[in-house]
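Chemist:
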Amino acid sequence: MKLIGIVGLPGSGKGEFSRCARDLGIPVLVMGDVIRRVAMERGLPADDATLGGISGELRKELGRGAVALLMIDAIRGLGAPVVLVDGIRSDAEVVEFRRAFPGFALVGVTSPFEARLARLRARERTDDIAGTEALARRDERELGWGLGTALAGAEVTVENAGSLDAFRREVRCLLASLSGGA
Numbered sequence: 225m226k227l228i229g230i231v232g233l234p235g236s237g238k239g240e241f242s243r244c245a246r247d248l249g250i251p252v253l254v255m256g257d258v259i260r261r262v263a264m265e266r267g268l269p270a271d272d273a274t275l276g277g278i279s280g281e282l283r284k285e286l287g288r289g290a291v292a293l294l295m296i297d298a299i300r301g302l303g304a305p306v307v308l309v310d311g312i313r314s315d316a317e318v319v320e321f322r323r324a325f326p327g328f329a330l331v332g333v334t335s336p337f338e339a340r341l342a343r344l345r346a347r348e349r350t351d352d353i354a355g356t357e358a359l360a361r362r363d364e365r366e367l368g369w370g371l372g373t374a375l376a377g378a379e380v381t382v383e384n385a386g387s388l389d390a391f392r393r394e395v396r397c398l399l400a401s402l403s404g405g406a
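Read in order, the letters of the sequence shown correspond to residues 225 to 406 in the numbering used here.
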């Protein structure tokens with residue numbers, strides 16, 4: 225099984241990257257869904273503060289690679305030749321995925337701050353933020369988990385600063401290359 229991981233700051237284009245993978249028939253698991261599921265089980269709102277708190281709590285209990293550890297069985301259970309994991313937030317998660325899946329490939333997605341802020345404002349997800357200060361705080365929190373180190377260690381980085389069509393073309397070519405055309 226080939227596992228491809230996506231790392232990037234909020235609003236960088238990870239979700240669009242995942243849509244491209246799904247369009248190519250590659251199953252996608254979203255790391256944030258693990259956190260959202262915990263919030264739902266606890267009857268808590270799925271807002272940024274709650275999800276950030278749960279993320280921090282899990283990392284405190286299970287280590288910085290907690291969310292990756294919680295996903296490994298689900299990834300294997302898919303039985304697919306190629307799986308994409310969206311939303312890596314720490315270098316420790318990368319370590320766990322590399323340990324569990326030899327040949328793991330990490331792709332970084334980057335985008336300018338203002339473009340990310342505009343995307344977050346437009347998508348209207350319950351955990352999204354709308355202001356410059358809030359996004360800066362969220363970036364700082366996620367960078368504190370090791371996201372910056374993970375991003376710096378990506379084998380390939382895709383810059384999402386141009387048109388959506390250009391980004392999608394680049395992602396499809398990259399996925400075909402990484403997955404062996406699967």
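We put the CB at the ideal spot given by N, CA and C, even for glycine.
Helix or strand or just coil, what does DSSP make of E364?
Modeler: If you number the sequence shown from 1, residue 364 lands on position 140. DSSP places E364 in helix when its eight states are reduced to three.
Chemist: Which residues bound the alpha helix (DSSP H) around I250?
Modeler: For the purposes of this step, residue 250 is taken as residue 26 along the sequence shown, with counting starting at 1. No alpha helix (DSSP H) contains I250, which DSSP labels as neither H nor E.
Chemist: Helix, strand or coil, according to DSSP, for L372 in the structure here?
Modeler: Position 148 of the sequence shown holds residue 372. This sequence places Gly at residue 372; Leu is not what is there. Helix at G372.
Chemist: Do V395 and F241 have their beta-carbon atoms positioned less than 8 Å apart in this structure?
Modeler: In the sequence shown, counting from the first residue as 1, residue 241 sits at position 17. In the sequence shown, counting from the first residue as 1, residue 395 sits at position 171. Yes, they are a contact pair.
Chemist: What's the C-alpha gap between I278 and A339?
Modeler: Taking the first residue of the sequence shown as 1, we reach residue 278 at position 54. Taking the first residue of the sequence shown as 1, we reach residue 339 at position 115. Using only the alpha carbons, I get a separation of about 27 Å.
Chemist: For the beta strand (DSSP E) containing A329, name the first residue and the last one.
Modeler: What you label residue 329 is simply residue 105 of the sequence shown in a count that begins at 1. From DSSP, the beta strand (DSSP E) with A329 extends over A329 to T334.
Chemist: Helix, strand or coil, according to DSSP, for G377 in the structure here?
Modeler: Indexing the sequence shown from 1 puts residue 377 at position 153. Correct three-state label for G377: coil.
Chemist: Who pairs with E383 in a beta bridge, going by DSSP?
Modeler: Here the question's residue 383 lines up with position 159 in the sequence shown. Answer is T334, bridged to E383.
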